[in-house]
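**Student:** Chains as they are written, first to last, in this note's numbering: chain A, 294 to 622; chain B, 294 to 622. Cβ atoms here follow ideal geometry from the backbone N, Cα and C, with glycine treated the same way. It should be emphasised that the depicted structure is a prediction, and the values quoted were computed from it without experimental measurement. Pasting in a structure now, in structure tokens, and then I'll have a few things to ask.
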DNA sequence: TTGTAAGCGTTATCAA
DNA sequence: TTGATAACGCTTACAA
């Protein structure tokens, strides 16, 4: 296979010169730049990323650290969007990404995890689905060994950015819409997991709305489980005017429970997953563009790798109702 | 970070000796082996995979080449299973995997694609969702530059293995069960895409069943599209006794169409995706364990990389009916 | 502006 | 059975 050496020889310049052209270094004459590029094109040279990674302290790989929620399979949809959004953007930015699941690193100490990542030349980590329980990850983020971008976790630092929709606002919006449309007073709110960052943020939204409208709100943790949401609804749904859920999956569980109970209560969800279109009943929900969020996370990672400071990025959300007719392709 | 050099110094041996211990070379005394391993443990040394990849001609990365079907989002579920099955097994076998989407390499010539993979030190490629139209991929497979494992494509060679369920048998089985249970004679078969390998194989199963039971079968291509299956069913469903579909998504489209037409016809699908549990009506379908298939594909890749010849691996399938109550977690 | 050469952390080939 | 040492293909001081 053609290497930088071949290009250098063919163009009649030094290897370092080719490297400089390829990496857009200053102080290369327009003339040699053109000559080198011509040879690169002609020989079809593609730089070996592995060698570049090994050699350079700047270039490195970024890991997508994903929490596969085995409890709720429908979450596949979200993770897949995360992965594809990230990979596409990474290719655009010429970043090398690898996908890693939480299960592969859980139970590791900070040291072990650090060595694991370093041994793979990983310079940056994008973390999806982190919860407060993930203490080691927390240390990893604060440790500055790696650049980190966290999704949905409200933490920023010199080497850490955060990308997320405005969870509180979104929860507030979708609940308000549903409550207003149906003139509700007594609300059953099914929250996520006790240790979840998003759970807190969404809860904020509900609490604000409660104050504002003087609602009566019963809060229960559904742990993002469809089954638990179902059971909670079976237990408390009858005496409430509506059910506000912190995820679509839970909304589906709640809705199915209500149907089984043969009573109608408006239900709203959160996420905007396609599955919502298959339930029969339309519900309000918050659509998050997971691919766009992930794509943006990769952009932020690039900036961090370039030495910029961490920032907080808020992505837009929209309120939707998912209809079968609109989802089907 | 601690490198092989540090280990060598600490253990009082040469770097090459450490390397030999790490890679289980013969001709290393048990004594030094123990001494080296002790130091490795104590220092928490983890070999740098990037350096190893660059240096060695044996070790390399394997790419998961996945066709993201943007037309049918529910397919996310399948792809996600493929990815996670592969990544888990790869970690077990200490293989470095990266995920690549068809869209990133489409329109490349064989040369371009080859260089693209080589530049990333990719030695093996596992291909998911390949169709007959993918001519360049076909060349890539036959070209022997890389080891390849294809999922659901009936092709094996010196450097190519194939992993798949017995598509014809599975289609035969599920259709027969459905037809027998409902005493059908006139069957509407909604096939996949014209250029799909699985489409052909499944068609074989139906044809065999047709001969065997003397059925009257109308075949239409639904292109794995829920919408197209819906339309086909709206058009031909009334005069048939049942609808056999080559995918769950199409089965769902067909079933929803029948519900809208207010007539009942048994429908069966193929794949066993979770979505089937959300449709309301139960249907027979073939469950494929995508994670296991993918996991096995990685094992086969390892063998190919070790110099073994390509083989054909047939994975088991089972007939199931997916109920909401059983799917929900 | 260009070229020389020393790494990067391994593996692999030979000598010893 | 071990140890030097040359690759692997690139980046990056530093020298010219």
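Only counting runs of 4 or more residues, tell me where the alpha helix (DSSP H) segments fall wholly within the segment 478-541 of chain A, in order along the chain.
**Tutor:** Counting only runs of 4 or more, we get 490-506, 519-529.
**Student:** Helix, strand or coil, according to DSSP, for residue 471 of chain A in the structure here?
**Tutor:** Taking the first chain and counting its residues from 1, one reaches residue 471 of chain A at position 178. DSSP places residue 471 of chain A in helix when its eight states are reduced to three.
**Student:** Relative to the C-alpha of residue 480 of chain A, which residue among A:537, A:433, A:369 is closest?
**Tutor:** For the purposes of this step, residue 480 of chain A is taken as residue 187 along the first chain, with counting starting at 1. The shortest C-alpha separation from residue 480 of chain A is found at A:537.
**Student:** Listed from N- to C-terminal order along the chain, which residues in the segment 341-354 of chain B have their beta-carbon within a distance smaller than 7 Å of any beta-carbon of chain A?
**Tutor:** From the segment 341-354 of chain B, only 341, 342, 343, 344, 346, 347 have a Cβ closer than 7 Å to chain A.
**Student:** Taking any Cβ of chain B, which residues in the segment 555-580 of chain A have a Cβ under 9 Å from it, in chain order?
**Tutor:** Here the close residues are 567, 568, 571, 572, 573.
**Student:** Please confirm whether residue 354 of chain A and residue 449 of chain A have their CB atoms less than 9 Å apart.
**Tutor:** Counting from one through the first chain, the residue named residue 354 of chain A turns up at place 61. Counting from one through the first chain, the residue named residue 449 of chain A turns up at place 156. No, they are not a contact pair.
**Student:** Touching or not, the segment 296-306 of chain B and the segment 463-477 of chain A, by the rule of three or more beta carbon pairs under 8 Å?
**Tutor:** Result no; under three Cβ-Cβ pairs closer than 8 Å.
**Student:** Mind checking who residue 437 of chain B pairs with in its DSSP beta bridge?
**Tutor:** Locating residue 437 of chain B in the second chain gives position 144, where the first residue counts as 1. Per DSSP, none; premise fails for residue 437 of chain B.
**Student:** DSSP on residue 452 of chain B, reduced to helix/strand/coil?
**Tutor:** Walking along the second chain from the start, residue 452 of chain B turns up at place 159. Of the three classes helix, strand and coil, the one that applies to residue 452 of chain B here is coil, per DSSP.
**Student:** Specify, as a first and last residue, the run of the beta strand (DSSP E) that residue 611 of chain A falls within.
**Tutor:** Residue mapping note: residue 611 of chain A aligns to position 318 of the first chain, counting from 1. Note, residue 611 of chain A: beta strand (DSSP E), 611-614.
**Student:** Give a yes or no on whether 9 Å exceeds the smallest Cβ distance from residue 513 of chain A to chain B.
**Tutor:** Locating residue 513 of chain A in the first chain gives position 220, counting from the first residue. Closer than 9 Å: no.
**Student:** Using a C-beta to C-beta distance shorter than 9 Å, which residues of chain B count as neighbours of residue 408 of chain A?
**Tutor:** Counted from its first residue, the first chain places residue 408 of chain A at position 115. The contacting residues are 294, 295, 337, 338, 339.
**Student:** Give me, in chain order, the residues of the same chain whose beta-carbon lies closer than 6 Å to that of residue 516 of chain A; leave out the 5 immediate sequence neighbours on both sides.
**Tutor:** To locate residue 516 of chain A, count along the first chain from 1; it is residue 223. Only 486 meet the Cβ criterion.
**Student:** Shorter than 9 Å from the beta carbon of residue 617 of chain A to some beta carbon of chain B?
**Tutor:** Taking the first residue of the first chain as position 1, residue 617 of chain A is located at position 324. Yes, its Cβ sits closer than 9 Å to a Cβ of chain B.
**Student:** Going by CA-CA distance only, name the one from A:360, A:497, A:531 that's closest to residue 377 of chain B.
**Tutor:** Counting from 1 along the second chain, the entry for residue 377 of chain B is found at position 84. Among A:360, A:497, A:531, the Cα nearest to that of residue 377 of chain B is on A:360.
**Student:** If we define contact as Cβ-Cβ less than 9 Å, is residue 608 of chain A a contact residue for chain B?
**Tutor:** Stepping through the first chain from its first residue, residue 608 of chain A is reached at position 315. By this cut-off, residue 608 of chain A is not an interface position.
**Student:** Using a Cβ-Cβ cutoff of 9 Å, what residues of the segment 580-609 of chain A are near chain B? List them in chain order.
**Tutor:** So nothing in the stretch comes that close.
**Student:** Could you tell me whether the Cβ atoms of residue 580 of chain B and residue 539 of chain B are closer together than 9 Å?
**Tutor:** Within the second chain, residue 580 of chain B is the residue found at index 287, counting from 1. Within the second chain, residue 539 of chain B is the residue found at index 246, counting from 1. Not in contact: residue 580 of chain B and residue 539 of chain B (Cβ atoms no closer than 9 Å).
**Student:** Would a C-beta distance cut-off of 9 Å place residue 529 of chain A and residue 511 of chain A closer than the cut-off?
**Tutor:** Numbered from 1 along the first chain, position 236 holds the residue referred to as residue 529 of chain A. Numbered from 1 along the first chain, position 218 holds the residue referred to as residue 511 of chain A. Their beta carbons are under 9 Å apart, which means residue 529 of chain A touches residue 511 of chain A by this criterion.
**Student:** Determine the DSSP secondary structure at residue 349 of chain A, reduced to helix, strand or coil.
**Tutor:** Walking along the first chain from the start, residue 349 of chain A turns up at place 56. Three-state result, residue 349 of chain A: coil.
**Student:** Helix, strand or coil for residue 558 of chain A? Go by DSSP, reduced to three states.
**Tutor:** Along the first chain, read from residue 1 onward, the residue named residue 558 of chain A stands at position 265. Residue 558 of chain A: coil per DSSP, three-state reduction.
**Student:** If you run the structure through DSSP and keep just helix, strand and coil, what is residue 576 of chain B?
**Tutor:** On the second chain, residue 576 of chain B is found 283 positions in, with the first residue counted as 1. Note: residue 576 of chain B maps to coil in three-state DSSP.
**Student:** Of all the CB atoms in chain A, is at least one closer than 9 Å to the CB of residue 390 of chain B?
**Tutor:** Along the second chain, one-based indexing puts residue 390 of chain B at 97. Yes, its Cβ sits closer than 9 Å to a Cβ of chain A.
**Student:** Which residue or residues does DSSP assign as beta-bridge partners of residue 607 of chain B?
**Tutor:** Within the second chain, numbered from 1, the residue matching residue 607 of chain B stands at position 314. Its beta-bridge partners are B:457.
**Student:** Let me confirm a value: residue 460 of chain A is counted as buried when at least 16 other C-beta atoms fall within 10 Å, else exposed. Which label applies?
**Tutor:** Counting from 1 along the first chain, the entry for residue 460 of chain A is found at position 167. Residue 460 of chain A comes out buried.
**Student:** Report the partner residues of residue 417 of chain B according to the DSSP bridge assignment.
**Tutor:** Here residue 417 of chain B refers to the residue found at position 124 of the second chain. Residue 417 of chain B pairs with B:355, B:440.
**Student:** Using a Cβ-Cβ cutoff of less than 6 Å, which residues in the same chain neighbour residue 469 of chain A once the five nearest sequence positions on both sides are dropped?
**Tutor:** Residue mapping note: residue 469 of chain A aligns to position 176 of the first chain, counting from 1. Once the five neighbours on either side are set aside, the close Cβ partners of residue 469 of chain A are 502.
**Student:** Opposite residue 424 of chain A in the DSSP bridges: which residues?
**Tutor:** Mapped onto the first chain, residue 424 of chain A falls at position 131. According to DSSP, residue 424 of chain A bridges with A:489.
**Student:** Leaving out the 5 sequence neighbours to the left and right, which residues in its chain are closer than 6 Å to residue 458 of chain B when beta-carbon positions are compared?
**Tutor:** Translated into positions along the second chain, residue 458 of chain B becomes position 165. Closer than 6 Å at the Cβ level, and outside the excluded window around residue 458 of chain B, lie 581, 608, 610.
**Student:** Since residue 373 of chain B meets chain A, which of its residues come closer than 7 Å, beta carbon to beta carbon?
**Tutor:** In the second chain, the residue the question calls residue 373 of chain B occupies position 80. The contacting residues are 369, 372, 373.
**Student:** Relative to the C-alpha of residue 397 of chain B, which candidate in A:390, A:407, A:385 has its C-alpha closest?
**Tutor:** Position 104 of the second chain, counted from the first residue, corresponds to residue 397 of chain B. Minimum Cα distance to residue 397 of chain B is reached at A:385.
**Student:** Using DSSP with H/G/I as helix, E/B as strand and the rest coil, what is residue 566 of chain B?
**Tutor:** To locate residue 566 of chain B, count along the second chain from 1; it is residue 273. Looking at residue 566 of chain B - three-state DSSP - the assignment turns out to be coil, as it is neither helix nor strand.
**Student:** Between residue 437 of chain A and chain B, is the shortest Cβ-Cβ distance under 9 Å, so that the two count as touching?
**Tutor:** Here residue 437 of chain A corresponds to residue number 144 of the first chain, with the count starting at 1. No, residue 437 of chain A does not count as interfacial toward chain B.
**Student:** Is the beta carbon of residue 472 of chain A sitting closer than 9 Å to the one on residue 522 of chain A?
**Tutor:** Stepping through the first chain from its first residue, residue 472 of chain A is reached at position 179. Stepping through the first chain from its first residue, residue 522 of chain A is reached at position 229. Going by C-beta atoms, residue 472 of chain A is not nearer than 9 Å to residue 522 of chain A.
**Student:** Ignoring anything shorter than 4 residues, give me the alpha helix (DSSP H) runs that lie fully in the segment 313-342 of chain A, in order along the chain.
**Tutor:** Listed in chain order, they are 323-336.
**Student:** So what does DSSP say about residue 392 of chain B, is it helix, strand or coil?
**Tutor:** The residue you call residue 392 of chain B lines up with position 99 of the second chain. Looking at residue 392 of chain B - three-state DSSP - the assignment turns out to be strand.
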